Amino acid sequence: MAKSKHRRSGGSANAMATPFEEARDELFQHIIRCGVIGSAPEHQEEWFADTMKYMADRYPELAERDLAELRTLGDRFAQPPKANPTVEEAGAANAA
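The working numbering applies: residue 269 is where the sequence shown begins, and numbers increase by one.
What follows is the structure in C-alpha coordinates.
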(Lines of atoms letter the chains of each structure in order from A and count residues from 1; the text may use other names and numbers.)
(Lines give C-alpha, C1' and ligand atoms only; values in the text may rest on other atoms or scores of the structure.)
Protein backbone atom coordinates (compact mmCIF):
# COMPACT_ATOMS: atom_id res chain seq x y z
CA MET A 1 0.00 0.00 0.00
CA ALA A 2 1.21 3.45 -0.81
CA LYS A 3 1.39 5.96 1.97
CA SER A 4 -0.81 8.98 1.52
CA LYS A 5 0.79 12.35 2.06
CA HIS A 6 -1.08 14.65 4.39
CA ARG A 7 -0.11 18.15 5.36
CA ARG A 8 -0.34 18.76 9.05
CA SER A 9 0.15 22.51 8.90
CA GLY A 10 -3.52 23.21 9.48
CA GLY A 11 -3.91 25.06 6.20
CA SER A 12 -5.11 23.86 2.87
CA ALA A 13 -2.45 22.75 0.42
CA ASN A 14 -4.13 24.99 -2.17
CA ALA A 15 -4.34 28.09 0.04
CA MET A 16 -2.59 31.03 -1.58
CA ALA A 17 -1.26 33.98 0.35
CA THR A 18 -2.90 37.31 -0.42
CA PRO A 19 -0.76 40.09 -1.91
CA PHE A 20 -0.86 41.84 1.48
CA GLU A 21 0.42 38.72 3.25
CA GLU A 22 3.19 38.30 0.69
CA ALA A 23 4.16 41.96 1.01
CA ARG A 24 4.13 41.74 4.83
CA ASP A 25 6.34 38.65 4.84
CA GLU A 26 8.73 40.21 2.33
CA LEU A 27 8.92 43.42 4.38
CA PHE A 28 9.72 41.48 7.55
CA GLN A 29 12.46 39.57 5.72
CA HIS A 30 13.94 42.84 4.45
CA ILE A 31 13.88 44.31 7.97
CA ILE A 32 15.80 41.34 9.33
CA ARG A 33 18.26 41.14 6.41
CA CYS A 34 19.01 44.87 6.37
CA GLY A 35 19.60 45.20 10.11
CA VAL A 36 16.85 47.75 10.67
CA ILE A 37 16.10 46.46 14.17
CA GLY A 38 18.09 48.53 16.64
CA SER A 39 19.25 51.12 14.10
CA ALA A 40 18.94 54.85 14.77
CA PRO A 41 15.40 56.26 14.35
CA GLU A 42 16.47 58.63 11.55
CA HIS A 43 18.03 55.71 9.65
CA GLN A 44 14.87 53.64 10.14
CA GLU A 45 12.74 56.51 8.82
CA GLU A 46 14.88 56.88 5.71
CA TRP A 47 14.97 53.10 5.17
CA PHE A 48 11.20 52.77 5.53
CA ALA A 49 10.53 55.68 3.16
CA ASP A 50 12.62 54.03 0.43
CA THR A 51 11.35 50.52 1.13
CA MET A 52 7.69 51.52 1.14
CA LYS A 53 8.14 53.14 -2.30
CA TYR A 54 9.64 49.86 -3.48
CA MET A 55 6.77 47.85 -1.94
CA ALA A 56 4.17 50.10 -3.60
CA ASP A 57 5.83 49.48 -6.98
CA ARG A 58 6.25 45.76 -6.36
CA TYR A 59 2.65 45.26 -5.16
CA PRO A 60 0.50 47.68 -7.21
CA GLU A 61 -2.63 45.79 -6.13
CA LEU A 62 -2.26 47.14 -2.58
CA ALA A 63 -4.36 50.17 -1.72
CA GLU A 64 -2.96 53.17 0.17
CA ARG A 65 -4.57 51.92 3.39
CA ASP A 66 -2.88 48.52 2.89
CA LEU A 67 0.48 50.23 2.46
CA ALA A 68 -0.16 52.34 5.57
CA GLU A 69 -1.00 49.20 7.56
CA LEU A 70 2.09 47.49 6.16
CA ARG A 71 4.22 50.42 7.32
CA THR A 72 2.67 50.27 10.81
CA LEU A 73 3.40 46.54 11.04
CA GLY A 74 6.94 47.15 9.82
CA ASP A 75 7.51 49.87 12.42
CA ARG A 76 6.32 47.55 15.18
CA PHE A 77 8.40 44.65 13.87
CA ALA A 78 11.54 46.81 13.73
CA GLN A 79 11.35 47.74 17.41
CA PRO A 80 13.88 45.96 19.60
CA PRO A 81 12.40 43.38 21.95
CA LYS A 82 11.35 44.70 25.32
CA ALA A 83 13.51 43.48 28.16
CA ASN A 84 11.80 41.53 30.92
CA PRO A 85 12.78 42.80 34.34
CA THR A 86 14.70 40.33 36.44
CA VAL A 87 13.20 39.06 39.68
CA GLU A 88 15.46 41.38 41.71
CA GLU A 89 14.48 44.46 39.67
CA ALA A 90 10.79 43.60 39.98
CA GLY A 91 11.16 43.15 43.75
CA ALA A 92 12.99 46.46 44.14
CA ALA A 93 10.30 48.28 42.13
CA ASN A 94 7.53 46.79 44.30
CA ALA A 95 9.38 47.71 47.52
CA ALA A 96 9.68 51.37 46.53
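Glycine is no exception: its CB is placed at the ideal position from the N, C-alpha and C atoms.
What you are looking at is a predicted structure, and each value in this text was computed from that prediction instead of being measured.
Checklist entry - By DSSP, does Leu-330 sit in helix, in strand, or in coil? => result Correct three-state label for Leu-330: coil.
Item to check | Length of the line joining the Cα atoms of Arg-333 and Glu-314 | outcome: 20 Å
Checklist entry - Cα separation between Glu-329 and Gln-297? => result 20 Å
Item to check | Nearest-angstrom Cα separation, counted from Thr-319 out to Arg-326 | outcome: 10 Å
Item to check | Given Ile-389 as reference, the closest of Leu-295, Glu-290 and Ala-346 once Cα atoms are compared | outcome: As displayed, the chain neither begins before 269 nor continues past 364, which places residue 389 out of reach and without an answer.
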